[in-house]
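So the sequences go chain by chain: A and B. The opening position of the first sequence corresponds to residue 77 in our numbering, with each subsequent residue numbered one higher. The opening position of the second sequence corresponds to residue 132 in our numbering, with each subsequent residue numbered one higher. Just below is one structure, and these are the notes that go with it.
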Amino acid sequence: MIDIFVVLLFLLLMVVCAVAALRVKDLLAAVIIFGAFSFFSAAFFAVQDALDVAFTEAAVGAVITTVFFVCAIRRTTRRARWIGRAPRGLYQEPLAMLLLVPALVVLLQAAADLPPVGDGASAPFTHVAPYYIEHGHEETGAPNLVTAVLADYRGYDTFGELTVIFTAGVACLLIVGGKDDGPPPHDKRKA
Amino acid sequence: MRSGVGSPVIDAASRLLVPFMWLFATYVLVHGHDSPGGGFQGGVILAASIILLRLVRGRDRLLAFTSNHALTLACAGPLLYGGIGIASLLFGGNFLDYGALPVPLDPAEVRALGTLGIETGVMVGVTGVLVLIFDALASWNDGTV
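Structure follows, in structure tokens:
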């Protein structure tokens, strides 16, 4: 019972952080709030017993992404600036409201059809999952079923993921990396 | 950031912290079979320790781990992963079928060993890519790439 309240608390804090990150004008503050969002997200996963995901979210979302965003702000600008007209509040945009309300209704309708969390009779738990749980340890030698599925049964997918990460790194290097052509503009101003 | 933070307190704290981060990253990789963790998480922790050193020391201090090393690691990771997959193909199994590798152990243990191998590939690749992205974003490139 306590679990439900803790889960709801973390979800609420995530929503608060997301809205705050959107509203705040100072981009550095937005990055820090986004780090807090990742932290609550990791805590949410941990409460839901998804420890592998929580670990990844804490390491990537809360630490590395924050550093990357701070680097990006350092190379661009710290204040949010709009090109052209600044966006108004949502209630001032009748067309957006007209589109969003039906979308909300459809999504809530679809969410009502989802099976409850942890329902053993739902589709994902009745196909290959029982086989993994029964034979995973003896076939792969890995007591952690997440590792057994990720690196062995679904090793091909993980290879694809690693290729995606590699491609992202190379793309970053090609777009903003390469040899340093002297100090960035704000360093020149100082000199 | 060109000259780093330069505070003796932060310098001493990072010197103390980094070896334990490396130990923890290795633990997360090797113990990923039994507990949460694995190559990706271990690689992120290792990359975080290297980025911490870059932030504290600054660019003007020469570092043993250059951008070129990061690029090499980023390429070596997928190569190791795919290499193990092709090796199991050559020994008569399917692609990434570690059970076919010629190691005199139980089939489950051979598979666990193959899993550790590809997790190492993931760790090396993720470490290299994250440091590479940091170097590119922070215009840190030391001219070796």
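Positions of the beta carbon are idealized from the N, C-alpha and C atoms, including for glycine. These numbers were taken from a predicted model, which means no experiment stands behind them.
Worksheet entry | Nearest-angstrom Cα separation, counted from V262(B) out to I182(B) | Counted from its first residue, the second sequence places residue 182(B) at position 51. Counted from its first residue, the second sequence places residue 262(B) at position 131. The C-alpha of V262(B) is placed about 7 Å away from the C-alpha of I182(B).
Practice prompt. Pull up the distance between the alpha-carbon of G245(B) and that of V139(A), whole angstroms please.
Written response: Residue mapping note: residue 245(B) aligns to position 114 of the second sequence, counting from 1. Residue mapping note: residue 139(A) aligns to position 63 of the first sequence, counting from 1. Cα-Cα distance, rounded: 30 Å.
Discussion item. By DSSP's criteria, D102(A) is part of a beta bridge. Which residues make up the other side?
Written reply: The sequence position of residue 102(A) within the first sequence is 26, counting from 1. R155(A), per the DSSP bridge assignment.
Worksheet item: Going by the CB atoms, is the gap between G168(B) and M254(B) shorter than 8 Å?
Response: For the purposes of this step, residue 254(B) is taken as residue 123 along the second sequence, with counting starting at 1. For the purposes of this step, residue 168(B) is taken as residue 37 along the second sequence, with counting starting at 1. Using a Cβ distance threshold of 8 Å, M254(B) and G168(B) do not count as a contacting pair.
Worksheet item: Taking the runs of the beta strand (DSSP E) that are 3 residues or longer, which of them lie wholly in the stretch 127-215 of chain A?
Response: Entirely contained in the stretch 127-215 of chain A, not one beta strand (DSSP E) run reaches 3 residues.
Fill in: Proximity test, Cβ basis, 8 Å: S145(B) and chain A
Sequence index remark: in the second sequence, residue 145(B) carries index 14 (1-based). False, the Cβ-Cβ gap to chain A never drops below 8 Å.
Worksheet item: Can you list, in chain order, the residues of its chain whose CB lies under 7 Å from that of F222(B), leaving out five sequence neighbours each side?
Response: Taking the second sequence and counting its residues from 1, one reaches residue 222(B) at position 91. Result list for F222(B): A231, L232, P233, in chain order.
Item to complete: Compute the beta-carbon to beta-carbon distance between P193(A) and Y208(A), rounded to the nearest angstrom, for a pair I have assumed lies under 8 Å.
Response: Translated into positions along the first sequence, residue 193(A) becomes position 117. Translated into positions along the first sequence, residue 208(A) becomes position 132. Reading the sequence as shown, one finds Val at residue 193(A) and not Pro. That pair is no contact at about 19 Å.
Worksheet item: Nearest chain B C-beta to A267(A) closer than 8 Å, yes or no?
Response: Mapped onto the first sequence, residue 267(A) falls at position 191. Unreliable positioning characterises A267(A) in this predicted model, as indicated by a pLDDT of 42, which lies under 50. The coordinate reading is nonetheless provided below. So no, A267(A) is outside the interface.
Practice prompt. Output the boundary residues of the alpha helix (DSSP H) element that contains Y232(A).
Written response: Stepping through the first sequence from its first residue, residue 232(A) is reached at position 156. Run containing Y232(A): 231-252, per the alpha helix (DSSP H) assignment.
Worksheet item: Three or more beta-carbon pairs under 8 Å between the stretch 235-243 of chain B and the stretch 141-156 of chain B, yes or no?
Response: The stretch 235-243 of chain B and the stretch 141-156 of chain B do not touch, with fewer than 3 CB-CB distances between them shorter than 8 Å.
Item to complete: Between the Cα of L160(B) and those of E215(A), V182(A), F131(A), P170(A), spot the shortest distance and give me the residue it belongs to.
Response: Your numbering for residue 160(B) matches position 29 in the second sequence. The residue from E215(A), V182(A), F131(A), P170(A) with its alpha-carbon nearest to that of L160(B) is F131(A).
Practice prompt. Please work out which residues of its chain come closer than 7 Å, Cβ to Cβ, to E250(B), disregarding the five sequence neighbours upstream and downstream, and give them in chain order.
Written response: Working through the second sequence from its first residue, we reach residue 250(B) at position 119. Same-chain partners within the cutoff: L160, G163, G169, G170.
Practice prompt. Within 10 angstroms of the Cβ of L211(B), are there 16 or more other Cβ atoms? Answer buried if so, exposed if not.
Written response: Mapped onto the second sequence, residue 211(B) falls at position 80. Label assigned to L211(B): buried.
Discussion item. Is there a Cβ of chain A sitting closer than 8 Å to that of V149(B), yes or no?
Written reply: The count along the second sequence starts at 1 and reaches residue 149(B) at position 18. It does not: the Cβ of V149(B) has no partner Cβ on chain A nearer than 8 Å.
Discussion item. Within a Cβ cutoff of 7 Å, which residues of the same chain sit near A247(A), ignoring the five residues on either side of it in sequence?
Written reply: Here the question's residue 247(A) lines up with position 171 in the first sequence. Within the same chain, A247(A) has no close Cβ partners at all.
Worksheet item: V260(B): which of L227(B), A218(B), C206(B) sits nearest, CA to CA?
Response: Working through the second sequence from its first residue, we reach residue 260(B) at position 129. Relative to V260(B), the option among L227(B), A218(B), C206(B) whose CA is nearest is C206(B).
Practice prompt. Assign N199(B) to one of three DSSP states: helix, strand, or coil.
Written response: As a working mapping, residue 199(B) is identified with position 68 in the second sequence. In the structure shown, N199(B) sits in a helix (DSSP, three-state: H, G or I).
Discussion item. So S180(B) contacts chain A; which residues on that side make the cut at Cβ distance below 8 Å?
Written reply: Position 49 of the second sequence, counting from 1, holds the residue named residue 180(B). Ordered by position in chain A, no residue passes the 8 Å Cβ test against S180(B), which lies about 11 Å from the chain.
Worksheet item: H164(B) versus chain A: which residues are under 8 Å apart at the beta carbon?
Response: Reading the second sequence from its first residue, position 33 is the one you call residue 164(B). Ordered by position in chain A, the residues that pass the 8 Å Cβ test against H164(B) are G217, A218, P219, N220, T223.
Discussion item. Whole angstroms are fine: how far does the CA of A135(A) sit from the CA of F151(B)?
Written reply: Indexing the second sequence from 1 puts residue 151(B) at position 20. Indexing the first sequence from 1 puts residue 135(A) at position 59. Their backbone Cα atoms lie some 16 Å apart in a straight line.
Practice prompt. Can you give me the Cβ contacts of D128(A) inside the same chain, cut-off strictly under 7 Å, excluding the 5 residues immediately before and after it?
Written response: As a working mapping, residue 128(A) is identified with position 52 in the first sequence. Correct list, in chain order: V222.
Discussion item. Is it buried or exposed, V143(A), if we count other Cβ atoms within 10 angstroms and call 16 or more buried?
Written reply: Position 67 of the first sequence holds residue 143(A). By the 10 Å Cβ count, V143(A) comes out buried.
Item to complete: Can you have a look at A267(A) and say buried or exposed, based on whether 16 or more other CB atoms are within 10 angstroms of its CB?
Response: Translated into the one-based positions of the first sequence, residue 267(A) becomes position 191. Confidence at A267(A) is low in this model, with a pLDDT of 42, below 50, so the placement of that residue is unreliable and no value is reported for it.
Worksheet item: In terms of alpha-carbon separation, which member of G231(A), A122(A), A205(A), P191(A) lies closest to Y229(B)?
Response: In the second sequence, residue 229(B) corresponds to position 98, counting from 1. Comparing alpha-carbon positions, the option among G231(A), A122(A), A205(A), P191(A) lying closest to Y229(B) turns out to be G231(A).
Item to complete: Report, in whole angstroms, the separation of the C-beta atoms of T239(A) and P209(B), which I expect to be a contact under 8 Å.
Response: The residue you call residue 239(A) lines up with position 163 of the first sequence. The residue you call residue 209(B) lines up with position 78 of the second sequence. That belief holds up - the Cβ atoms of T239(A) and P209(B) are roughly 6 Å apart, short of 8 Å.
Worksheet item: Quick check: the stretch 141-148 of chain B against the stretch 109-128 of chain A, are there 3 or more CB pairs under 8 Å?
Response: When C-beta atoms of the stretch 141-148 of chain B are compared with those of the stretch 109-128 of chain A, fewer than three pairs fall below 8 Å, so the two segments do not count as touching.
Discussion item. Tell me the DSSP secondary structure of V262(B) in three-state form.
Written reply: Translated into positions along the second sequence, residue 262(B) becomes position 131. Assignment of V262(B) by DSSP, reduced to helix, strand and coil, places it in the helix class.
Worksheet entry | Where Q124(A) falls: helix, strand or coil (DSSP) | By one-based count along the first sequence, residue 124(A) stands at place 48. Looking at Q124(A) - three-state DSSP - the assignment turns out to be coil, as it is neither helix nor strand.
Fill in: T141(A): contacting residues in chain B (beta-carbon distance under 9 Å)
Position 65 of the first sequence holds residue 141(A). Within 9 Å Cβ-Cβ: nothing; T141(A) doesn't reach chain B, min ~10 Å.
Practice prompt. Taking R154(A) as the reference, give the member of A199(A), Q185(A), A105(A), L174(A) with the closest Cα.
Written response: Within the first sequence, the letter at position 78 stands for residue 154(A). Selected option, being the one with the closest Cα: A105(A).
Worksheet item: Starting from Y229(B) and walking both ways along the alpha helix (DSSP H), at which residues does that stretch end?
Response: Position 98 of the second sequence, counted from the first residue, corresponds to residue 229(B). Where Y229(B) is concerned, there is no enclosing alpha helix (DSSP H), given that its DSSP letter is neither H nor E.
Fill in: Cβ neighbours of A178(B) in the same chain (closer than 6 Å, five flanking residues each side left out)
Position 47 of the second sequence, counting from 1, holds the residue named residue 178(B). Closer than 6 Å at the Cβ level, and outside the excluded window around A178(B), lie T258, L261, V262.
Worksheet item: Starting from D237(B) and walking both ways along the alpha helix (DSSP H), at which residues does that stretch end?
Response: Here residue 237(B) corresponds to residue number 106 of the second sequence, with the count starting at 1. Where D237(B) is concerned, there is no enclosing alpha helix (DSSP H), given that its DSSP letter is neither H nor E.
Fill in: Residue-chain proximity (V175(B), chain A), Cβ-Cβ < 8 Å
Here residue 175(B) refers to the residue found at position 44 when the second sequence is read from its first residue. So, interface residue.
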